[in-house]
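Numbering (the numbering used here), first residue to last: 96 to 486. Structure, as structure tokens:
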């Protein structure tokens, strides 16, 4: 059994990015860009009016002759002389020898001239004020958001190099399991882990294939694993990773010539988690108890998938005060407790009866880290937590 931080370090050392592909920006949401992208022109590409009003040759006169009109999209370049102006609209390219734009509310206008009623600002958005040719616009390793794609579109960059998105296969193991739509017989339970894990991953925009339930039969598990490992970049099983006679996963994987990176992490819940790796294969074996599977998915599977798609982000551990006093015994494992981060900024621990207590997760939005040395923590004592939504 290794400590949690050692497991994270091993994960970082053994997970590599997938290869890249070129896609359209219209398919780029939530993808990770694989190269720095630079401005190929100034932005904005020309000086433009920030207001509906009148572009002046120079400020300071009390009246101006109107010599034309420029709307947004016009390709006009009207040359102004002293005492002249043009009617102009927001976003329109200003004349090259224009010094300022006075907004229409500050003048009295006729068909041929304007009378200035009030001084105004310059009201011109200068060419290149936001970005200049050669400036970095999107950095390699950025998970593309709407605003990133919008700025790429503004520069006419329509095809982008991104890391491939990992495909994930999920297998539930256990002879006691039946699918959710079936009525369990005596001694059976419904499989809740597959939808638990796949829903977490799908909410982060990963594609998952559910290979169903495989009973505790070595030949059946080998057959399912071989297919899943061939079809996917990362495979997850739930159940069968502890030390019982029917916990077959670690033994099977060793016989499939996969390297064991770790098996057993000092966590509560989630201790039996295992991580195996081949030349191209990445495998995580999660415990069968749902809270343990939930915790391990957040702690190990999501970081691994992020790293495979080129997003090297670390878990964000913040701290917040306890809403009430808590007492914890010293233990050899890092304890993770589901909790609610309240609107006042404090954390309210949710009572958990064990790693099969699935319902305790329903109101949780954070996992709180309980130090291994335990102790009496007074109300207001700050503890670290992992915010589930941003892992």
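Glycine included, C-beta positions come from ideal geometry on N, C-alpha and C.
- At a Cβ-Cβ threshold of 9 Å, residue 183 and residue 165 count as neighbours.
- Rounded to the nearest whole angstrom, the C-alpha separation of residue 253 and residue 241 is 14 Å.
- In the three-state reduction of the DSSP assignment, residue 175 falls in the coil class.
- In chain order, 152, 174 and 175 place their CB closer than 7 Å to the CB of residue 192, counting only its own chain and leaving out the 5 sequence neighbours on each side.
- Separation of the CB atoms of residue 306 and residue 113 is rounded to 21 Å, and the pair is thereby denied contact status at 8 Å.
- About 4 Å separates the Cβ atoms of residue 327 and residue 264, confirming a contact at the 8 Å cut-off.
- Annotated three-state conformation of residue 419 is coil, per DSSP.
- In the displayed model, residue 265 falls within a strand according to three-state DSSP.
- Separation of residue 227 and residue 139 (C-alpha to C-alpha, rounded to the nearest whole angstrom) is 9 Å.
- Nearest to residue 147 by C-alpha distance, out of 201, 416, 471 and 456, is 201.
- Under DSSP, residue 358 takes part in a beta bridge, and its partners are 369.
- If the five residues before and after residue 347 are omitted, its C-beta is found closer than 7 Å to the C-beta atoms of 313, 316, 317 and 320, all from its own chain and listed in chain order.
- In the three-state reduction of the DSSP assignment, residue 345 falls in the helix class, which pools H, G and I.
- The count of Cβ pairs closer than 8 Å, one atom from the region 293–304 and one from the region 385–404, reaches three, so the stretches are in contact.
- The count of Cβ pairs closer than 8 Å, one atom from the region 406–413 and one from the region 468–476, stays below three, leaving the stretches out of contact.
- Beta-bridge partners assigned by DSSP to residue 196: 150.
- In this structure residue 270 is exposed. Its beta-carbon is surrounded by fewer than 16 other beta-carbon atoms within 10 angstroms.
- The count of Cβ pairs closer than 8 Å, one atom from the region 415–428 and one from the region 453–472, reaches three, so the stretches are in contact.
- Here residue 296 carries a helix assignment [DSSP, helix/strand/coil].
- The continuous alpha helix (DSSP H) containing residue 326 extends over residues 313–326.
- Take residue 162, set aside five residues on each side of it, and the residues of its chain with a beta-carbon closer than 8 Å to its own are 173, 175, 179, 180 and 181, in chain order.
- If you look at residue 102, you'll find it isn't in any beta strand (DSSP E); it sits in the alpha helix (DSSP H) that goes 99–109.
- Within 10 angstroms of the beta-carbon of residue 100 lie fewer than 16 other beta-carbons, which makes it exposed.
- Per DSSP, residue 246 is one residue of the alpha helix (DSSP H) stretching across 241–249.
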